[in-house]
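Asker:
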Amino acid sequence: MKLQFIIRRTMICILMIALLFIVQTSIFSHLELAGVVPNLLLAFTALVGFMRGRKEGMLVGLFAGFILDSFSGQLFGIYAFTFLFLGFLNGFLRKLFFGDDIKLPVLFVGFTDLVYGFVVYLVSFALRGRTDFKFYFMNIMLPEAVYTVLVSFVLYFILNWIVVRVDKEEKKGERRF
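The numbering of the sequence shown is my numbering, which starts it at 1103 and goes up by one.
#1: Which of helix, strand or coil does DSSP assign to V1139?
#2: Under a CB-based cut-off of 9 Å, is L1177 close to chain D?
#3: Along the chain, where does the alpha helix (DSSP H) that runs through Q1106 open and close?
#4: Contact between the stretch 1255–1270 and the stretch 1228–1239: three or more CB pairs below 8 Å?
#5: For G1159, I'd like the list of residues in its chain whose CB is within less than 7 Å of its CB, leaving aside the five on either flank, ordered along the chain.
#6: My understanding is that V1138 touches Y1249, with C-beta atoms under 8 Å, so please give their C-beta distance in whole angstroms.
#7: Measuring only the C-alpha atoms, how far is F1187 from S1128?
#8: Could you say which of D1269, L1261, E1272 and T1184 lies nearest to L1122 if we only look at CA atoms?
#9: Does the contact criterion of 3 or more C-beta pairs under 8 Å hold for the stretch 1160–1180 versus the stretch 1203–1213?
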């Protein structure tokens, strides 16, 4: 793959991560449902991993997690590692991806959000002696996963449109050389 295509993909991912972070922390903070907001960066990481593979899922996850770590003030690196790992896991499922089928990617976004919620529970609550997992699951993890899945329907179509367009441009550019 040519360097210009790698740079273009990288810039698109960085812009998407920045835009989703801004939307997640500004707009959706005012659109809470059941006390939670959707995790757009996690949905983006899962979808990129699912659509583009392990490497891109890991890189997007690392960068998105690093942004969250920078602004969270908690244990630095936990989000970066978690998102990297979840992008990698979703990348394994790339073989199951068909561009027109939305059910499977969105289902895996929900599963990814539940795994993420479990990791956050372990790091933020269980290690501090707060072990009411049932309360956390019913009031935080499950509502966030459902909200993230609902928003992922829209995010999926936007991301799929971008991926198809970038792939067409890359193929067109490769034919010129």
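Idealized CB from N, CA, C, for every residue including glycine.
Answerer: With the given structure in hand:
#1: Taking the first residue of the sequence shown as position 1, residue 1139 is located at position 37. Taken through DSSP and simplified to helix, strand or coil, V1139 comes out as coil.
#2: The structure shown has no chain D; it contains just one protein chain.
#3: Here residue 1106 corresponds to residue number 4 of the sequence shown, with the count starting at 1. Where Q1106 is concerned, the enclosing alpha helix (DSSP H) stretches over L1105 to I1124.
#4: Judged by Cβ distances under 8 Å, the stretch 1255–1270 makes no contact with the stretch 1228–1239, as fewer than three pairs qualify.
#5: Working through the sequence shown from its first residue, we reach residue 1159 at position 57. Excluding sequence positions up to five before and after G1159, its CB lies within less than 7 Å of the CB of T1147, V1150, G1151, G1189, F1190, N1192 and G1193, all in the same chain and listed in chain order.
#6: One-based indexing of the sequence shown puts residue 1138 at position 36. One-based indexing of the sequence shown puts residue 1249 at position 147. Confirmed, Cβ separation roughly 6 Å.
#7: The sequence position of residue 1187 within the sequence shown is 85, counting from 1. The sequence position of residue 1128 within the sequence shown is 26, counting from 1. For F1187 and S1128, the distance between alpha carbons rounds to 26 Å.
#8: As a first step, residue 1122 must be located in the sequence shown, where it is residue number 20. The shortest CA-to-CA distance from L1122 to any of D1269, L1261, E1272 and T1184 is the one to L1261.
#9: Using a C-beta cut-off of 8 Å, the stretch 1160–1180 makes no contact with the stretch 1203–1213, since fewer than three inter-stretch Cβ pairs fall below that distance.
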